[in-house]
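Let me begin by presenting the structure, written as structure tokens, before commenting on it.
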Ligand SMILES: C[S@@+](CC[C@H](N)C(=O)[O-])C[C@H]1O[C@@H](n2cnc3c(N)ncnc32)[C@H](O)[C@@H]1O
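In this note's numbering, the protein residues as written are 2 to 269.
Here it is, written out as structure tokens:
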């Protein structure tokens with residue numbers, strides 16, 4: 002596990018690709034190093050639709066947070082595996098609709114930490130906080146998040162593109178279950194991850210893993226659906242990302258559907 006107290010310069014590891022920075026490159030951002038761009042290009046060469054998967058996941062984030070704020074009345078969010086700030090970060094979507102919303106971000110990447118200020122510039126009525134922690138350190142996350150969020154009131158837990166960062170040995174299912182167990186009834190989980198449904202993508206990720214500072218683990222759509230165990234799934238269930246409540250007129254052809262699954266579930 003990366004030790005957050007290590008010196009920032011040590012933790013940056015600019016000689017090896019980091020998932021937050023490769024993701025930023027795929028989304029067209031500038032917060033990445035040549036090694037991340039090289040790694041992103043390597044994935045794109047093998048699987049040209051990968052940048053689309055990244056864009057679709059961000060669009061799902063916006064639709065899910067919009068739904069939770071506007072329709073479900075959620076005013077508190079815990080966003081784990083935040084990524085580098087980009088358009089429509091969780092607090093921006095939520096606070097646009099409900100300025101009093103409180104958002105806690107969690108990531109273990111040192112570059113995300115250095116950009117955290119952009120994630121903390123919320124509305125005066127609301128509150129944003131950033132926790133430099135590893136998702137496997139559930140106790141620290143819950144303890145720190147409780148300084149900003151009221152755990153007696155519903156919380157929207159967003160985990161997009163994060164559980165795939167953990168190998169099976171780290172028990173990703175148990176981690177999600179421990180986090181959900183800490184939330185009160187009426188809370189929600191929004192989760193999205195890449196699926197192992199394309200042999201070409203599986204091969205591209207194997208190559209990425211051989212060079213990266215961490216590894217990514219594509220899983221079956223059934224394994225991703227299992228994260229919602231015990232929750233009431235909102236329609237249309239756990240589906241390919243673009244198919245989760247698409248915007249009117251949004252194209253749903255095979256290319257746009259991509260190899261990733263997403264869903265939103267409510268804790269009864
Ligand atoms: C693929 S990006 C997704 C970013 C954002 N959620 C999105 O959907 O655009 C994955 C993020 O998870 C973070 N991450 C990876 N492993 C992590 C861990 N063990 N604990 C906390 N964050 C982690 C990375 O630093 C990166 O920012």
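Just so it is clear, CB atoms sit at the ideal spot from N, CA and C, and this is done for glycine as well.
Leaving out five residues on either side along the sequence, give the residues of the same chain with a beta carbon under 7 Å from the beta carbon of residue i.
i: residue 126; result: 100 and 101
i: residue 141; result: 134
i: residue 90; result: 120
i: residue 143; result: 183
i: residue 259; result: 50, 53, 54, 57, 241, 242 and 243
i: residue 269; result: 186 and 233
i: residue 139; result: 176, 179 and 180
Using the rule of at least 16 other Cβ atoms within 10 Å of the residue's Cβ for burial, across every protein chain shown, is residue i buried or exposed?
i: residue 167; result: buried
i: residue 264; result: buried
i: residue 57; result: buried
i: residue 230; result: exposed
i: residue 28; result: buried
i: residue 186; result: exposed
i: residue 221; result: exposed
i: residue 33; result: buried
i: residue 110; result: buried
i: residue 250; result: exposed
i: residue 254; result: exposed
i: residue 252; result: exposed
i: residue 191; result: buried
Measure the CB-CB distance between residue i and residue j and report whether it falls below 8 Å.
i: residue 71; j: residue 114; result: no
i: residue 228; j: residue 73; result: no
i: residue 47; j: residue 204; result: yes
i: residue 156; j: residue 184; result: yes
i: residue 21; j: residue 108; result: yes
i: residue 66; j: residue 105; result: no
i: residue 103; j: residue 150; result: yes
i: residue 196; j: residue 219; result: yes
i: residue 23; j: residue 10; result: no
i: residue 85; j: residue 30; result: yes
i: residue 154; j: residue 77; result: yes
i: residue 147; j: residue 132; result: no
i: residue 92; j: residue 129; result: yes
i: residue 239; j: residue 262; result: yes
Name the two residues that bound the continuous beta strand (DSSP E) containing residue i.
i: residue 20; result: Looking at the DSSP string, residue 20 is not in any beta strand (DSSP E); the run it does join, the alpha helix (DSSP H), is 20-27.
i: residue 145; result: Here residue 145 belongs to no beta strand (DSSP E); instead the alpha helix (DSSP H) covers 139-146.
i: residue 189; result: 189-195
i: residue 163; result: Unbroken run through residue 163: none, as it is neither H nor E.
i: residue 265; result: 261-267
i: residue 81; result: 77-81
i: residue 228; result: No beta strand (DSSP E) holds residue 228; DSSP gives it neither H nor E.
i: residue 106; result: 103-108
Take residue i and list the residues in its own chain whose beta-carbon comes closer than 8 Å to its own, dropping the five residues that flank it on each side.
i: residue 137; result: 2, 167, 171 and 176
i: residue 43; result: 205, 208, 209 and 212
i: residue 87; result: 25, 28, 30 and 59
Which first and last residues belong to the alpha helix (DSSP H) in which residue i is found?
i: residue 132; result: It is not in any alpha helix (DSSP H) - residue 132 instead sits in the beta strand (DSSP E) that spans 128-133.
i: residue 239; result: Element bounds for residue 239: n/a, residue is neither H nor E.
i: residue 118; result: 117-121
i: residue 136; result: Segment: none, residue 136 is in no alpha helix (DSSP H) and carries neither H nor E.
If you drop the 5 nearest sequence neighbours on each side, which residues of the same chain put their C-beta closer than 6 Å to that of residue i?
i: residue 164; result: 173 and 194
i: residue 64; result: 246
- Touch test, the region 196-215 against the region 15-24, Cβ-Cβ under 8 Å, three pairs minimum: At 8 Å Cβ cutoff, the stretches touch.
- Message: Assess contact between the region 241-250 and the region 47-66, defined as three or more Cβ pairs (one per stretch) separated by less than 8 Å. Is contact present?
- Response: Three or more Cβ pairs drawn from the region 241-250 and the region 47-66 lie within less than 8 Å of each other, which places the two stretches in contact.
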